[in-house]
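Asks:
Residue numbers (the working numbering), protein chains in the order written: chain A, 2 to 304; chain B, 404 to 535.
Here is the structure:
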């Protein structure tokens, strides 16, 4: 099932937590939502589930608004624990069994065993990571078509983090949709096909992880003399950002890195290199204000 | 299928390209032989913990390059002419590596003659004198 979010806004008081967000989340895939704290990821998830009333905008599931029948097919793992302190793990499983008609209790217990969770323990006695694991186990036992997972590996050790990623991959392979957020960029990089980067309530970057990596490069060149001119290369539409220090210039290129590299060489740069970026680099460039292209042009004209 | 297939998601190289490169390398080295069956998209995705669509993309490109063939309902196989393709694939891998080295040499300002001299020295280190 695909999810289409158009122009979503959610205002709390005077502050817009989500400010004109549009996203296309395809079905049968894993979608990763990245963003610094306060970017609006959790609010977006809550709006998707009708747990927060949207101020404006639209969220459609296969072209339709969220209906009770669709809601039944969505499993949600919230960022903060929603477990009841006084209830045991198995009582939570029982509660889910009663609440959701496709819920498979044996599957939940199987997953809890994988995570090494003692089902007789009360939620109060569980660590943050164990609480996450309990919520994840219950969500993946729902037989849901859409899984919305807000930090589903929070507090988990690396082994259990990998279990969660494998569960997500399995769902996508079955044709279900997984949307998740994580601050662990390496996980998103591994499991997600599409990503969106949010910052201050907006999407600042989205695409296929593999395409972003193939297209976005750093082109670096060294000039023999501190007095050099970039011949307008920094204004090229494919140059998203330019950083210049003394004799070195580094350009963030959104596509066509080889052509930009040739232009840099033609402008007199030596040691021109095209450097790959991993998702962490791409993410940091997307959310850090840094030196805008315009600033560099100003530097260029003043030198 | 060799269990040696691994991906490094943290690399700047797209995962689907890493999968393509490794399957080609396995064929070039004879680890994967003509007619040999590849794991299903789902199986490889689960094994590597990467998105199934990413694996599917790698398989599509390998089909387009006529390295593998997919029979509906039966799975994907190294093409029958895969074995004869292996010298070509080996040449491709070697050529790509040389390209990287030459780009680097050029970027630091080495001349053609200097590169040739370095190449001859390196050649002597890795290949017997008798081998032409």
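Every residue gets a Cβ at the ideal spot worked out from N, C-alpha and C, and that includes glycine.
Return the first residue and the last residue of the beta strand (DSSP E) that residue 218 of chain A is part of.
Replies: Segment 218 to 223, the beta strand (DSSP E) holding residue 218 of chain A.
Asks: Do you know offhand how far residue 3 of chain A's Cα is from residue 62 of chain A's?
Replies: So the two alpha carbons sit approximately 6 Å from each other.
Asks: Tell me the start and end of each unbroken alpha helix (DSSP H) in the region 169 to 251 of chain A that is at least 4 residues and wholly inside, in chain order.
Replies: Qualifying alpha helix (DSSP H) stretches, in chain order: 186 to 192, 210 to 216.
Asks: Please list, in chain order, all residues of the same chain as residue 44 of chain A whose beta carbon is under 7 Å from its beta carbon, the five residues on each side excluded.
Replies: Taken in chain order, the residues that qualify are 11, 18, 19, 53.
Asks: Out of A:272, A:207, A:66, state which residue places its alpha-carbon closest to the alpha-carbon of residue 255 of chain A.
Replies: Of the listed residues, the one whose Cα sits closest to residue 255 of chain A is A:207.
Asks: Whose C-alpha, out of A:14, A:101, A:36, is nearest the C-alpha of residue 181 of chain A?
Replies: Checking every option, the nearest Cα to that of residue 181 of chain A belongs to A:36.
Asks: Are the C-beta of residue 70 of chain A and some C-beta of chain B separated by less than 8 Å?
Replies: Judged by the 8 Å Cβ criterion, residue 70 of chain A is not in contact with chain B.
Asks: Where are the beta strand (DSSP E) runs, 3 residues long or more, that stay fully inside the region 447 to 483 of chain B, in chain order?
Replies: With a minimum length of 3 residues, the continuous beta strand (DSSP E) runs that stay inside the region 447 to 483 of chain B are 471 to 474, 478 to 481.
Asks: Taking only the alpha-carbon atoms, compute the straight-line gap between residue 437 of chain B and residue 25 of chain A and give it to the nearest angstrom.
Replies: Rounded to whole angstroms, residue 437 of chain B to residue 25 of chain A spans 41 Å at the Cα level.
Asks: Which residues in chain A sit within 7 Å of residue 423 of chain B, going by Cβ to Cβ distance?
Replies: Near residue 423 of chain B there are no residues of chain A at all, since even the closest Cβ is about 11 Å away, more than 7 Å.
Asks: Beta-carbon of residue 231 of chain A versus every beta-carbon of chain B: anything under 8 Å?
Replies: Closer than 8 Å: no.
Asks: Per DSSP, what are the beta-bridge partners of residue 90 of chain A in this structure?
Replies: Partner(s): none; residue 90 of chain A has no beta bridge.
Asks: Counting only beta-carbon separations shorter than 8 Å, does residue 426 of chain B have a partner in chain D?
Replies: Of the chains in the structure shown, none is chain D; the protein chains are A and B.
Asks: Using the rule of at least 16 other Cβ atoms within 10 Å of the residue's Cβ for burial, across every protein chain shown, is residue 72 of chain A buried or exposed?
Replies: Per the 10 Å Cβ criterion, exposed.
Asks: Report yes or no: do three or more beta-carbon pairs, one from the region 189 to 206 of chain A and one from the region 253 to 272 of chain A, lie closer than 8 Å?
Replies: Short answer: they don't touch.
Asks: Take the Cβ of residue 484 of chain B as the centre, count every other Cβ of all protein chains shown within 10 Å, and call the residue buried at 16 or more, exposed below.
Replies: Exposed, by the Cβ-count rule.
Asks: Answer yes or no: does any C-beta atom of chain A fall closer than 8 Å to that of residue 453 of chain B?
Replies: By this cut-off, residue 453 of chain B is an interface position.
Asks: Starting from residue 516 of chain B, trace the alpha helix (DSSP H) both ways and give me its first and last residue.
Replies: Run containing residue 516 of chain B: 515 to 529, per the alpha helix (DSSP H) assignment.
Asks: Classify residue 411 of chain B as helix, strand or coil using the three-state DSSP reduction.
Replies: Three-state result, residue 411 of chain B: coil.
Asks: May I ask which residues mark the beginning and end of the alpha helix (DSSP H) holding residue 424 of chain B?
Replies: Segment 418 to 431, the alpha helix (DSSP H) holding residue 424 of chain B.
Asks: Starting from residue 10 of chain A, trace the beta strand (DSSP E) both ways and give me its first and last residue.
Replies: Residues 4 to 13.
Asks: Give, in chain order, every residue of the region 157 to 171 of chain A whose Cβ lies closer than 7 Å to some Cβ of chain B.
Replies: The residues in question are 163, 166, 167, 170, 171.
Asks: Taking C-alpha atoms, which residue in B:529, B:441, B:528, B:434 lies nearest to residue 479 of chain B?
Replies: Measuring from the Cα of residue 479 of chain B, the nearest candidate turns out to be B:441.
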